[in-house]
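First comes the structure, then the notes that go with it.
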Amino acid sequence: MSPSSLTATPPDESKVEAFRGVFEQSLLDIVANQTGGVSNSKERCIILSGGVDTCAIMAAAKKLGIQFGGALTVVTSDESPDLGFSSACAAEHGLEHHVVRLTADELVDEYLPDIIELLKRYDGMIIRNSLVIAAVFKKAKQLGFKYAVVGDGADELFGGYSFCWRQKDAKLWKEKRDAMCAKWTFSTDELGEEK
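Numbering (the numbering used here), first residue to last: 34 to 228.
Given below as structure tokens:
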């Protein structure tokens, strides 16, 4: 099953435009909260996975004239798909791309104890994502960035991962996606305040 087969009917263009408006306004609100609305900030970076979420942020930012001082990506191997996708996105948008290379063991050894202490949660997905966020926030701080924009969840919501394509029935996929979203929590804010 491909991503295009997840939708039985073409999208309602008015709903697409309404969503785009909400998404763009959210990005403008983030910028306003970070730097008083200054769209050209060299103090702002994007944590770039190259997935649906961060590529959508980059497209909206370009349309809105919002600029970033750089992009940062964490990879645990040269085979990571994030490396190719994020590098291509950073190049397309003319961003200096900082790649943080750590082995999985280094990521766990350096960041896991602090994450467990800070979050006091033991959910595998939260911890896994938090390890990467903690590492990239540390690098962002070292590079002098004061603000970071992070995308989370769009790949799951919009079928960006291959596991999303296995479900052939759109109704069953919607039920699975909605159940997944109902359980979501993100630790980005907590980690950002700590770093």
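Here a beta-carbon is modelled for each residue, glycine too, at the ideal position from N, C-alpha and C.
DSSP three-state call for residue i: helix, strand or coil?
i             : result
threonine 106 : strand
arginine 53   : helix
arginine 134  : strand
serine 38     : Legend: pLDDT at serine 38 = 48, less than 50; position of this residue unreliable, value from coordinates given subsequently. Three-state result, serine 38: helix.
tyrosine 180  : strand
arginine 199  : coil
arginine 231  : Nothing about residue 231 can be reported from this structure: the residues present for the chain run from 34 to 228 only.
How many angstroms separate the CA atom of residue i from the CA atom of residue j?
i                 : j             : result
methionine 91     : alanine 215   : 26 Å
leucine 61        : aspartate 147 : 32 Å
valine 169        : aspartate 111 : 17 Å
glutamate 143     : valine 55     : 38 Å
aspartate 202     : alanine 89    : 26 Å
arginine 134      : serine 113    : 11 Å
glutamine 175     : proline 43    : 46 Å
valine 49         : threonine 106 : 29 Å
lysine 95         : lysine 172    : 24 Å
glutamine 100     : valine 141    : 32 Å
valine 64         : serine 72     : 7 Å
serine 74         : valine 132    : 20 Å
glutamate 46      : isoleucine 79 : 29 Å
phenylalanine 118 : lysine 209    : 26 Å
glycine 177       : histidine 130 : 14 Å
Quick test of your reading: residue i and residue j, contact by CB under 8 Å. State the CB separation rounded to the nearest angstrom.
i            : j              : result
threonine 68 : glutamate 76   : 7 Å
serine 163   : aspartate 115  : At roughly 16 Å, the Cβ-Cβ gap does not stay under 8 Å, so serine 163 and aspartate 115 are not in contact.
alanine 93   : leucine 128    : At roughly 15 Å, the Cβ-Cβ gap does not stay under 8 Å, so alanine 93 and leucine 128 are not in contact.
leucine 152  : isoleucine 159 : 7 Å
For the beta strand (DSSP E) that contains residue i, what are its first and last residues?
i            : result
glycine 90   : Looking at the sequence provided, one finds isoleucine at residue 90 rather than glycine. Looking at the DSSP string, isoleucine 90 is not in any beta strand (DSSP E); the run it does join, the alpha helix (DSSP H), is 85-97.
arginine 154 : Neither: arginine 154 is in no beta strand (DSSP E) and is coded neither H nor E.
Where do the N-terminal and C-terminal ends of the alpha helix (DSSP H) with residue i fall, by residue?
i          : result
serine 119 : 114-125
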